[in-house]
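For the sequence shown, our numbering puts the final residue at 962, and the numbers step up evenly by one. Think of the CB as a built atom: it goes at the ideal place given N, C-alpha and C, for glycine as much as any other residue.
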Amino acid sequence: MNYDIIGDVHGHAEELEQLLQKMGYKLKNGIHDHPDERKVVFVGDYIDRGPKIRETLHIVQNMCESGNAYAVMGNHEYNAVCFHTKDKENGGYFRVHGFKEIQQHYETLKQFKNFPEEWKLFLNWFKKLPLFIEFDNFRVVHAYWKDEHINWIKNNYNNELTADFLKRATTKYSEEYNIIEETLKGKEVSLENGNSFIDKDGASRTACRFKWWLPLDQRKLKKDVLMHCPKAYGESENTENNEIVYSSEKPVFFGHYWLQGEPVIENPTAICLDYSVAKDGKLIAYQLNTAMANSHPVNVSNLIWLTKGWN
């Protein structure tokens, strides 16, 4: 079986349809299907930000339910479940309804305003999405593959976001909370000496996302491994967190990190497929032919993408 692994879509259904078309998928009974029986694997983050969130969800869900695709949970789907699920013990929701949280989720709320029952069905579907998928030749997770986290999720919750898992995962600093935070939102490193930065949503942050996938020989300065860190801080030598490294020979594909520019492969065994389509970037896929996966390393020539606005 051969696969097309697609990065974060964030409600950009037109770009998704065009990318599927570019890769040879055709509509068959209203569902995207490949004549050579290729399958799509989606890395999460289907909702929020974009103009066609409902349409995106219908495409992804229909492909999954027809057997033409697989999908893992992204942090935006997880956040949505928490935002809309009441905590029966305290009467609130598992995700607070503050200004920042509403702003991040606003496009989804707006686009489903007149489709409340449909939205409930999608929320129930989100809860059934796996937190990761391990195939024979490769792996997929939304933000961070750490073997200890993955094994813990398998052994304790069978890779399912159960009601008990959700309750425990929204209890700050519990084991479940830390594992979900890193698996779906990535590894973060606190900045020293009071440093901070403003993120893409205008919020002040004192911790940076850590590029855990970078090989050790590419980690010379802090700016190499800490995303969006303050300029002066980033010029200092990187001497910490080098024990955080992906060491498996089995490739892992993930999204989440809002990369920009020409798509590259920084590590042939850990490949980020999020190139910021929701910020006028690219919707990107990696075309994996599993018959060649063991003898041919991951190659940049197998990346295919669509720049926003392409026609």
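Query, Result
"Which same chain residues, not among the five before or five after residue 825, have their C-beta less than 6 Å away from its C-beta?", "819"
"Figure out for me which residue from 771, 851, 948 and 916 has the closest Cα to the Cα of residue 955.", "916"
"Considering only their Cβ atoms, is the gap separating residue 950 from residue 653 smaller than 7 Å?", "no"
"Is it true that the CB of residue 669 sits closer than 7 Å to the CB of residue 957?", "yes"
"Taking the alpha carbon of residue 844 as the point to measure from, which residue in 931, 869 and 887 has its own alpha carbon closest?", "887"
"Of the residues 751, 716 and 689, which one's Cα is nearest the Cα of residue 681?", "716"
"Threshold first: 3 residues or longer. Then list the beta strand (DSSP E) segments lying entirely within the stretch 851-895, N to C.", "858-860"
"So residue 751 is in the alpha helix (DSSP H); what residue range does that whole segment cover?", "750-762"
"Please state whether the Cβ-Cβ distance between residue 801 and residue 759 is less than 7 Å.", "no"
"Just verifying my parser: in three-state terms, what is the DSSP assignment at residue 900?", "coil"
"Would you mind working out which of 709, 665, 721 and 901 sits nearest residue 655, comparing C-alpha positions?", "721"
"Using the Cα positions of residue 657 and residue 831, report the straight-line distance between them to the nearest angstrom.", "22 Å"
"Would residue 788 pass as a contact of residue 864 if the rule is Cβ separation under 7 Å?", "no"
"For residue 660 and residue 872, what's the separation of their Cα atoms in angstroms?", "31 Å"
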